[in-house]
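Asker: The sequence shown finishes on residue 140 if you use the UniProt record's numbering, and the numbering steps up by one all the way, no holes. After the structure tokens below, expect a handful of questions from me.
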Amino acid sequence: MSTTSLVLLVIAVLVVAVLVGLAVVALTRRNARLRAARVEQAGQLRAAAAAHDEPIAASRNRVEEAQVRADEAHARADEADAEVHLAEQVLAHDEAQQEDQLRAADELAPETSTGTGTDDTQSTQDTQGTDDGPEGRHRA
1 MSTTSLVLLV
11 IAVLVVAVLV
21 GLAVVALTRR
31 NARLRAARVE
41 QAGQLRAAAA
51 AHDEPIAASR
61 NRVEEAQVRA
71 DEAHARADEA
81 DAEVHLAEQV
91 LAHDEAQQED
101 QLRAADELAP
111 ETSTGTGTDD
121 TQSTQDTQGT
131 DDGPEGRHRA
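Structure below.
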């Protein structure tokens, strides 16, 4: 190799090294600009999100208040269910006592029985409450 070739080779290597260095610097600056743009965009998004803090807090308060009202309504409904259950038990007890009294009365005087069921009561009223007069109408 001659000296000229060697000098040209060194110059070529230096030029390639300078070009690679410039490319690295350009890429680094580009990445820095992109990173800065992303940071700025993220800041804008955070500011926009922070602007919704108050409406979100108001919505959260409405949800909590509605939940409290719902819990109170459930408690009232549970109390009402308990009252219904108790009233049904009292009714069943009262009906059972009435049935016992009617059975006792039927045992003492079965011929004057008024019946203990609705079917017996209805059939007794149907046979006693008719008037087969000339027009054949029934009395109410």
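Using N, Cα and C, we set each Cβ at its ideal position, and we do this for glycine too. Quick caveat: nothing in here was measured; it's all calculated off a predicted structure.
(1) Please state the DSSP three-state secondary structure of residue 14.
(2) Distance check for residue 105 and residue 97, CA to CA, integer angstroms please.
(3) Using DSSP with H/G/I as helix, E/B as strand and the rest coil, what is residue 85?
Answerer: In short:
(1) DSSP places residue 14 in helix when its eight states are reduced to three.
(2) Across the structure, residue 97 and residue 105 are spaced so that their CA atoms are roughly 12 Å apart.
(3) In the structure shown, residue 85 sits in a helix (DSSP, three-state: H, G or I).
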